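In the numbering used here, the protein residues as written are 15 to 133. Glycine included, every Cβ here is placed at the ideal spot set by N, Cα and C. It should be emphasised that the depicted structure is a prediction, and the values quoted were computed from it without experimental measurement. First the structure, in the form of structure tokens, and then the observations on it.
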Ligand SMILES: [Zn+2]
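Below, the structure written as structure tokens:
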């Protein structure tokens, strides 16, 4: 394992830390996070997101001054390890003001993702 490859996995969130290869994105969905600007509270518990996220089709469905949360799931094709990334941002006109990025590495949101995949 070369030192450059090892270094890359630290820089790239979507690299598998076991295999040092890029993982495959297999889920991507936008949600509304019902918190308004100026009242943002950082939550690390996956249960909070399971209860509060509302699935939307585009940023246009999110009211002004309300946060958005993009969820992406990555899977390593070699070892099967998966990673869920939550990007929380405030849509401001045509821009995205990033507030926080949260990672779940132990399948905390897997059932939530599967339930939202069906609908
Ligand atoms: Zn792997």
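Asked, Found
"Pair within 8 Å by beta-carbon distance, residue 45 and residue 83", "yes"
"Residue 30: CB within 7 Å of a non-hydrogen atom of ligand 1", "yes"
"Segment contact, 8 Å Cβ cut-off, at least three pairs: the stretch 58-74 with the stretch 24-34", "no"
"Any non-hydrogen atom of ligand 1 within 7 Å of residue 95 CB", "yes"
"Check: residue 87 C-beta below 7 Å from any heavy atom of ligand 1", "no"
"Exposure of residue 81, with buried meaning 16 or more beta-carbon neighbours within 10 Å", "buried"
"Cβ-based neighbour list, residue 69, same chain, cut-off 6 Å, excluding 5 preceding and 5 following", "45, 130"
"For residue 89, the first and last residue of its enclosing beta strand (DSSP E)", "80-89"
"8 Å Cβ shell around residue 50 - same chain, five flanking residues per side excluded", "79, 80, 81"
"Cβ shell of residue 33 (< 7 Å), same chain only, five flanking positions each side left out", "90, 92, 93"
"Same chain, Cβ closer than 7 Å to residue 66, neighbours up to 5 away in sequence not counted", "47, 48"
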